[in-house]
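The sequence shown begins at 11 in this note's numbering and counts up one residue at a time. Yeah, the Cβ is synthetic: ideal placement off N, Cα and C, and Gly gets one too. Here's the structure, in structure tokens; my notes come after.
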Amino acid sequence: MAPQVFFHCYPTVLGHCGIAWTERGVVGSQLPEETPSLTRDRMWVRFPAAREVAAFGELPAAVQAACEGVRALLAGEARDLLEVELDDSAVPAFDREVLALTRRIPVGQTLTYGEVAMRLGQPGAARAVGRAEGHNPFAPIVPCHRVMGAPSAGKAANLTGFSAAGGVATKLKILAIEARATGQQAGEQQDLF
């Protein structure tokens, strides 16, 4: 029998985020939709059998800490959120590898889909990496916003696609917050090379 899933929606500087968990860890995180009610609706769609926990004080301590970590990250603190325990058992194996590597990209640094594929030892898998990032159930705990398309036509990075509400504009907003947290100008995120 599958463990009971719970979820909670909570305010951040960008809007209301959502988090879902079982006794094994966080099974999903949601960046803000356009309104708090749309974030809640999105959580119901993603986790239809979940029970909502409305009061922050009723959350397990680890989930409270995860929410506070996301709040801090989105408010401009350089937080890596590696302490958040994830339950990725429902995530396909390749996607787990991609997300594990993505999770280790430090605040203020970025990689391209191709660079992630190379680091996984699968240099031809950039599109598969992009698909895995696009299906990331843990944003922003797993910072898929730090992964970009390859540079083209004089651009430092290709900011194609971002599945959160607001799309690429949301990705840019989070990257700008992180750039300020690390003393950089937006767009100056350092590659890991």
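- Fewer than three beta-carbon pairs drawn from the region 141 to 148 and the region 182 to 193 are found closer than 8 Å, and the two stretches are therefore not classed as touching.
- F17 sits in a strand when the DSSP states are folded into three classes.
- Scanning the region 42 to 99 from its first residue to its last, the whole alpha helix (DSSP H) runs of 4-plus residues come out as 46 to 56 and 71 to 84.
- Contact check between the region 119 to 132 and the region 88 to 99: fewer than three CB pairs, one atom from each, fall below 8 Å, which does not count as touching.
- Counting only the Cα atoms, A12 lies some 11 Å from R34.
- In the three-state reduction of the DSSP assignment, V139 falls in the helix class, which pools H, G and I.
- Per DSSP, the unbroken beta strand (DSSP E) holding L121 starts and ends at Q119 to T122.
- Cβ-Cβ distances below 6 Å link G25 to P42 in the same chain, with the five nearest sequence neighbours on each side left out; the list follows chain order.
- A distance below 8 Å separates the beta carbons of I151 and V36.
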